[in-house]
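The numbering of the sequence shown is our numbering, which starts it at -16 and goes up by one. Cβ atoms here follow ideal geometry from the backbone N, Cα and C, with glycine treated the same way. To keep things clear, I will list the structure first and then write my remarks on it.
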Amino acid sequence: MRKVFTGAVTSIRKAESAAVEAVIARLARATADLDPPLAAVDMPTLRANAADLVRRAGSVPIRVASKSVR
């Protein structure tokens, strides 16, 4: 059974919440015919988050933690 996030977004303002819900709905439509497991990334949101991370880091180097799946 396919699960799609349907919960309420409560940690951000309502205007941003509507935008987030629109992205989730768009990704759900785009992947509706694909068999899970799968992952979908909204590239504009990823770019905005990365730019915000760089801005907040200032001159501090950013180290991305990762772990390989074995």
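Endpoints, alpha helix (DSSP H) assigned at residue 19: Your numbering for residue 19 matches position 36 in the sequence shown. Segment: none, residue 19 is in no alpha helix (DSSP H) and carries neither H nor E.
Count the C-beta pairs between the stretch 22 to 29 and the stretch -4 to 14 that are closer than 8 Å, then say yes if the count reaches three, no if not. yes
Identify every run of the alpha helix (DSSP H) within the stretch 21 to 47, keeping only runs that are complete inside it and at least 4 residues long; order them along the chain. Listed in chain order, they are 26 to 40.
Taking 8 Å as the threshold (C-beta atoms), are residue 45 and residue 52 in contact? Position 69 of the sequence shown, counting from 1, holds the residue named residue 52. Position 62 of the sequence shown, counting from 1, holds the residue named residue 45. When the beta-carbon positions are compared, residue 52 and residue 45 stay at least 8 Å from each other.
Span separating the alpha-carbon of residue 15 from that of residue 1: Taking the first residue of the sequence shown as 1, we reach residue 15 at position 32. Taking the first residue of the sequence shown as 1, we reach residue 1 at position 18. Looking at the two C-alpha atoms, the distance is approximately 21 Å.
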